[in-house]
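In what follows, a single structure is set out as structure tokens and then discussed.
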Amino acid sequence: MNITQAGVRTRRRFMKFTGCAAVGLAVPVGWLAAQIAPTRCVEAVRSRLYPGPLKRLRDADIKRPGRWGG
Amino acid sequence: MRLQCDLCPKGCIIEPGQSGECRIRVNVDGKLLAVTYGHPCSVHVDPVEKKPLFHFLPGTDILSIATVGCNLHCKNCQNWEISQTNPEDTPAVELAPEQLARLAKRFDCRSVAYTYSEPVAYYEYTLDSCRRVKEAGLRNVLVTAGYINEKPWRQLCKYVDAANIDLKALSDSFYRDICSATLKPVLNTLVVSKSLGVEVEVTNLVIPTLNDSDKMLRNLTRWIVQNLGSETPLHFSRFFPQFQMKNLPPTPAQTLDRAKQIAKSEGLHYVYIGNLTRPGAEDTFCPNCHKRLVQRYGYLVSENLIESGCCPDCKTEIYGIWN
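Going down the list, the sequences are from chains S and W.
Position one of the first sequence corresponds to residue 242 (this note's numbering), numbered consecutively onward.
Position one of the second sequence corresponds to residue 26 (this note's numbering), numbered consecutively onward.
Here's what the structure looks like:
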């Protein structure tokens with residue numbers, strides 16, 4: 242009886258220890274992963290500023306078929 | 026903060042201050058910015074046959090736009106001067122989506138094409154423009170390599186009437202080696218487009234020694250017949266040496282004839298040869314009675330006999346958008 246009770250106590254203690262250790266590890270690892278993982282996005286923010294030079298939209302250029310394929 | 030762009034299958038992870046592979050989606054202070062939005066580098070009125078689209082409003086003009094950038098890096102790109110460059114180095118005009126339909130109408134265009142470079146790369150501009158153009162009663166056309174994830178593509182297809190989608194080869198290694206992409210997403214884009222009612226035409230650029238074997242051509246056309254249907258128009262396009270592929274000769278005319286023959290023998294109804302002017306190669310014939318319905322020479326349509334989308338003789342329905 243005493244041996245069995247001692248055994249149960251030991252097992253419970255072990256289970257408790259393992260559970261605490263798992264939670265204690267998972268929380269910081271999860272937090273760290275969230276910090277490292279990039280934020281995912283499909284649609285981008287519409288920029289109003291073009292980073293390159295601007296030119297005028299001229300009717301003569303539009304009327305001319307594009308020099309590019311497609 | 027790092028970002029992952031989930032627009033296309035490349036899934037670029039973008040560090041602050043850097044852009045994705047397309048060069049035009051930039052991480053600015055943790056926000057993904059579409060830096061060419063509303064700033065096309067090319068705006069032109071083209072014949073719709075130039076896209077090429079042969080089953081979509083033949084003989085009409087189409088306002089065609091592009092910004093710089095592309096998510097593919099094909100070694101044979103014919104538009105590399107705008108597709109493989111940075112916006113910082115390329116002049117652009119200001120043209121907001123709401124101005125686009127007005128401009129198209131002013132130039133008597135019934136449709137707008139997002140073309141030349143890659144409309145997938147400038148996705149937000151394409152999407153907003155398509156919405157505005159549709160609201161104005163005009164039609165939208167995409168000319169694309171189709172390298173995009175399914176969800177954003179489905180979103181875009183709500184506003185798209187027709188698309189010419191490149192199928193560069195039915196070979197994943199070809200896509201990896203020549204285009205820095207993969208095959209499967211392109212096939213998915215083709216199937217999804219067709220299932221959503223977009224008028225799909227396929228272009229295959231035939232490059233000597235790389236994708237011109239009988240087996241490759243047969244596999245490609247067989248896949249189209251089985252997955253998109255025999256009514257899907259296929260354009261075999263002639264290759265010319267350029268960009269990083271100047272070591273190969275132009276595609277011989279006989280190769281293109283052979284490709285057409287193979288495609289016809291596999292059951293495709295509408296097969297065309299492009300980038301090579303020869304009489305009859307770009308004409309549309311009725312698949313039932315074989316009457317010539319549309320006669321083309323270069324980008325000119327000299328005759329169009331299609332009535333209400335049907336052959337005037339045998340009344341067979343001809344795939345496409347005709348009015």
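Glycine included, C-beta positions come from ideal geometry on N, C-alpha and C.
Please decide whether residue i counts as near chain W, where near means a Cβ-Cβ distance under 8 Å.
i: S/W272; result: no
i: S/A285; result: yes
i: S/R281; result: yes
Check the Cβ of residue i against every Cβ in chain S and list those closer than 8 Å, keeping chain order.
i: W/M270; result: Simply none; closest approach about 14 Å.
i: W/P112; result: Y291, P292 and G293
Starting from residue i, trace the alpha helix (DSSP H) both ways and give me its first and last residue.
i: W/K56; result: Element bounds for W/K56: not the alpha helix (DSSP H) but the beta strand (DSSP E), K56 to A59.
i: W/L181; result: E175 to C182
i: W/I298; result: No alpha helix (DSSP H) contains W/I298, which is instead part of the beta strand (DSSP E) from V296 to G299.
i: W/C155; result: Y148 to E160
i: W/Q124; result: P122 to R131
Between which two residues does the beta strand (DSSP E) holding residue i run?
i: W/V168; result: R164 to T169
i: W/S205; result: Element bounds for W/S205: n/a, residue is neither H nor E.
i: W/P72; result: S67 to P72
i: W/S89; result: D86 to A91
Measuring only between beta-carbons, confirm whether residue i sits less than 8 Å from chain S.
i: W/Q109; result: no
i: W/I346; result: no
i: W/S67; result: yes
i: W/P177; result: yes
i: W/C30; result: yes
i: W/R201; result: no
i: W/N104; result: yes
i: W/E224; result: no
i: W/F132; result: yes
Give the straight-line distance between the Cα atoms of residue i and residue j, rounded to the nearest whole angstrom.
i: W/T276; j: W/Y322; result: 20 Å
i: W/P177; j: W/L32; result: 7 Å
i: W/V118; j: W/P65; result: 6 Å
i: W/T151; j: S/R305; result: 22 Å
i: W/V137; j: W/A126; result: 8 Å
i: W/K159; j: W/K100; result: 35 Å
i: S/R287; j: W/N329; result: 42 Å
i: W/T228; j: W/K76; result: 10 Å
Give the interface partners of residue i over in chain S, defined as CB-CB distance under 9 Å, in chain order.
i: W/H260; result: Ordered by position in chain S, no residue passes the 9 Å Cβ test against W/H260, which lies about 11 Å from the chain.
i: W/S218; result: Those within 9 Å of W/S218 in chain S number zero; the least Cβ separation is about 17 Å.
Which residues of chain S have a Cβ atom closer than 7 Å to the Cβ of residue i, listed in chain order?
i: W/K100; result: Simply none; closest approach about 15 Å.
In its own chain, which residues sit with a C-beta less than 7 Å from the C-beta of residue i, not counting the 5 before and 5 after it?
i: W/N96; result: C33, K35, E46, C47, E143, V145, A146 and Y172
i: S/G260; result: none
i: W/S67; result: I90, A91, I107 and Y141
What does residue i reach in chain W if we use C-beta pairs closer than 8 Å?
i: S/R297; result: V118
How about residue i: is its Cβ closer than 7 Å to a heavy atom in the ligand PLP?
i: W/W178; result: Among the components modelled here there is no ligand, and therefore nothing to report on the ligand PLP.
So with CB distances below 7 Å, who are the chain W contacts of residue i?
i: S/K304; result: V70
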